[in-house]
Each structure stands twice: as C-alpha cells, then as structure tokens.
Amino acid sequence: MEENLVQDASDTPLQQEEGMPHEALFLVLSYLPLYELLVMAQVCRSVKEVLTNDILPWLNMVVGKPLNKRFNDVHLLKITSKADGRLKTLALLNCSKITDEGLHQVIARNPYITRLWLPACTSLSTSGVIEAVKLLTKNKHKLKSLRINGIYNLKKEDLEILHCLIDDENHPWQKKGLNFYHEYKEFSTFKHSNPPIDVEICPKCKEARVVFDCPRDSCKSMRQQQKLECRGCQHCIPRCEECGICIKDEDPVEAACVDALCLGCWLQLPKCSFCNKPYCSQHADQKCSLVGSSGFVCIDCHARFIEN
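Take full-length UniProt numbering: the last position of the sequence shown gets the number 308, and nothing is skipped along the way.
Here you go:
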C-alpha cells in the first residue's frame, strides 16, 4: 500500500539501487514527512530494513502534499500502526478524506499523542474533534498543541469545551505571545505551538478562525495602548505574505503568484524580467530560469511569450 501511495503521487518511477547509504542519512529519517519516508523506503534495501524495524521515524507522522488528497482512513490506520502505539505527533494537513471514525481508531491505539494537527480536514466534524481531544486528555495526559483551522462549523461553545480539556497552569486560555501571519505559515512539526489551540474568536467577524497580530511598528505602539484595530483573521485584515504586516490602509501590491505584498517587500524581491512582478518566498520555486541570464520569468509570462 505504501508503494501505491508513492507511485500515485509521483510521476517519476523510482528505481532501487544496491549499496549502503551514508550513515548520516539514517539520522534524518525521523524528521521526514510521510511522503519522503515512503520514498526513502524504496531507495535501497538497508533503508527499507531500518524503516521496517525501527519505530523512531514513525513517531511524528506528518501527512502533507502530495499524499493528502488521496490519504484516507485505511492509509491512516496502516501507516500509524508502524508507531506501535507510541505516536507523538499526528499532523494531517488538508486530508479531506479522513473521517471521525478513522481518527478515533488511531487515537484509541495511540493515546499518548501530544500534537494533533488537523487543518482543513473537512470531513471531520466539530463533535468528532472534541471526542478526539477527550480521548487524548484522559488520565491527565496533556495535549500540547491542537490545530483545527478549517474545520467546519466551529462555534464559541466548541472552543470553550476544547480549552477546558486542554488548558492547564502551563497553558492558560489567554495568549502569552503574539501570533504573526508570516511565522504561522512556516510549518514545523517540532516547533512549539503557542497558544495550544490555533483558532479563537476573531474580534472583527466573531468567527472561529486563526487570529493574527501585526508586526508593524505603528501597530505595536497601538497594541501597547490596548488599541487592537489591526488584530483579526486573514479574512478581516489583509496581510503581506512576506512580512505579515497589515495592509488594510494601503493598496496591496500584487505578486506574480497573485499573493498580496506590502510595498516594502515588493521592492526588495527579485522581479520577473517581463512583467516586473516578484514571487513571494513561498512560491519562489515557480520561477522559470532564462538561458544566459541571472534573471527569471514568471509562469504566466513564460507561457505567453516564450512557449508560444
């Protein structure tokens, strides 16, 4: 089943090669997301044996692109069984085929999960998420981090229940730190999440969403005066993809990837040689190189002026 997942997600056929890999390769296995682990299992026999016999690489399970669109309950149960009941992190990123039943079965077999990340798992219900957290907080076990942004129909009452289940003296309901948009997007399985639940009630629209603070200097001084005009979710307060400042009071500058940028970041980023638009850092891999030039062309200009 693992081989089918990899082959379905990759257009390039994998070839097995003989020979021992460098020892350093084994040290990074426990830090790899699921897709990379499955690919590594097909690299050579020695790596496959390590992944078959060692549970350490399977303790922090991160399911993202390109597997997430086809990853279902059957895959989830099969893959998580490799942790032998000692799973620590379960991060299902945009896994729309995972259901309440599948999630609960995995949690029942892995009761010591400390990080449960379910962003945009749209087949999960709010009641299913609450039940999952109840299972993980039994017997005084601590769930350190819960990410549920994108779960449908989250209400204030649901968040209150989740906070009561998760919060303790080390994780009070009120946020200790600030939550910046550009830092939130930098996914890391091993980075401590503060606050323990990523969503809260937006002060602008009153919906349960991720609420961001503003790193702009003028907004910092307003925040010190308890004026929180630019604190809100991404739907209410447009923010620069690069630095996370609010751009509600100025016209956002469009990037080649159609993300919004503030003027300061737009000026600093390299531009397309044709349309003079930059890519944000997140989509910089979409650049098309120009032969004999250090510049680049965006995807749209490449299709319009070079391919035709």
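From the three backbone atoms N, C-alpha and C, an ideal C-beta is built for every residue, glycine too.
Among the options, the one whose alpha carbon lies nearest that of residue i
{"i": "SER30", "options": "MET40, ALA41, GLU49 and PRO57", "result": "PRO57"}
{"i": "SER218", "options": "ALA208, ARG209 and GLU229", "result": "GLU229"}
{"i": "ALA284", "options": "PHE305, HIS163, GLU241 and LEU263", "result": "GLU241"}
{"i": "PRO270", "options": "VAL258, CYS298, PHE305 and CYS121", "result": "CYS298"}
{"i": "SER293", "options": "PHE274, SER281, ASP300 and ALA303", "result": "PHE274"}
{"i": "GLY295", "options": "ASN276, ASP100 and LEU118", "result": "ASN276"}
{"i": "LEU118", "options": "CYS95, ASN72 and PRO215", "result": "CYS95"}
{"i": "GLY128", "options": "HIS141, GLN282 and THR99", "result": "THR99"}
{"i": "ASP54", "options": "PHE26, LYS69 and LYS287", "result": "PHE26"}
Burial state of residue i (16 or more Cβ within 10 Å)
{"i": "LEU77", "result": "exposed"}
{"i": "MET40", "result": "buried"}
{"i": "ARG209", "result": "buried"}
{"i": "THR126", "result": "buried"}
{"i": "LEU34", "result": "buried"}
{"i": "ALA256", "result": "buried"}
{"i": "VAL291", "result": "exposed"}
{"i": "ALA132", "result": "buried"}
{"i": "ILE306", "result": "exposed"}
{"i": "VAL211", "result": "buried"}
{"i": "VAL62", "result": "buried"}
{"i": "GLN16", "result": "Any reading at GLN16 needs caution, since the residue's pLDDT is 47, under 50, leaving its predicted position unreliable; the model's value is listed next. Answer is exposed; the Cβ neighbour count stays below 16."}
{"i": "ASN139", "result": "exposed"}
{"i": "LEU263", "result": "exposed"}
Heavy atom of the ligand GDP within 6 Å of residue i beta-carbon
{"i": "TYR279", "result": "Summarising the ligand content, the structure contains no ligands, and the ligand GDP is consequently not present."}
Close-in-space but distant-in-sequence residues of the same chain around residue i (CB under 6 Å, 5 per side omitted)
{"i": "HIS171", "result": "Because the pLDDT at HIS171 is just 45, under 50, the model does not fix this residue reliably, and the value given afterwards should be weighed accordingly. Correct list, in chain order: PRO196."}
{"i": "GLN174", "result": "Since pLDDT at GLN174 reaches only 48, below the 50 mark, its modelled position is unreliable, and no value is offered."}
{"i": "VAL43", "result": "none"}
{"i": "residue 309", "result": "Only positions 1 to 308 of the chain appear in the structure, and residue 309 is not among them; the question remains open."}
Residues near residue i by beta carbon distance below 7 Å, same chain, minus five either side
{"i": "TRP266", "result": "VAL253 and PRO278"}
{"i": "ARG216", "result": "ILE245 and CYS246"}
{"i": "TYR152", "result": "THR122"}
Terminal residues of the alpha helix (DSSP H) in which residue i lies
{"i": "ALA132", "result": "126-136"}
{"i": "ILE266", "result": "Sequence inspection shows Trp at residue 266; the Ile mentioned does not correspond to that position. Run containing TRP266: 263-268, per the alpha helix (DSSP H) assignment."}
{"i": "VAL39", "result": "34-40"}
{"i": "VAL62", "result": "Here VAL62 belongs to no alpha helix (DSSP H); instead the beta strand (DSSP E) covers 60-63."}
{"i": "ARG115", "result": "Unbroken run through ARG115 is the beta strand (DSSP E), 115-117; no alpha helix (DSSP H)."}
{"i": "CYS164", "result": "156-166"}
{"i": "LEU67", "result": "Segment: none, LEU67 is in no alpha helix (DSSP H) and carries neither H nor E."}
Proximity of residue i and residue j at Cβ, strictly below 7 Å
{"i": "ASP198", "j": "ASN149", "result": "yes"}
{"i": "ARG239", "j": "TYR181", "result": "yes"}
{"i": "LYS204", "j": "CYS243", "result": "no"}
{"i": "LEU87", "j": "GLY64", "result": "no"}
{"i": "CYS272", "j": "CYS301", "result": "yes"}
{"i": "LEU146", "j": "LEU103", "result": "no"}
{"i": "GLY232", "j": "CYS280", "result": "no"}
{"i": "ASN72", "j": "LYS97", "result": "yes"}
{"i": "ILE107", "j": "LEU135", "result": "yes"}
{"i": "THR137", "j": "LEU162", "result": "no"}
{"i": "LYS144", "j": "THR114", "result": "yes"}
Enclosing beta strand (DSSP E) for residue i [first to last residue]
{"i": "ASN53", "result": "That residue, ASN53, is in no beta strand (DSSP E); its alpha helix (DSSP H) goes 45-53."}
{"i": "THR89", "result": "89-92"}
{"i": "ARG147", "result": "145-147"}
8 Å Cβ shell around residue i - same chain, five flanking residues per side excluded
{"i": "ASN110", "result": "THR80, ALA83, GLY85, ARG86, LEU87 and LEU90"}
{"i": "LEU159", "result": "ILE197, VAL199, GLU200, ILE201 and ALA208"}
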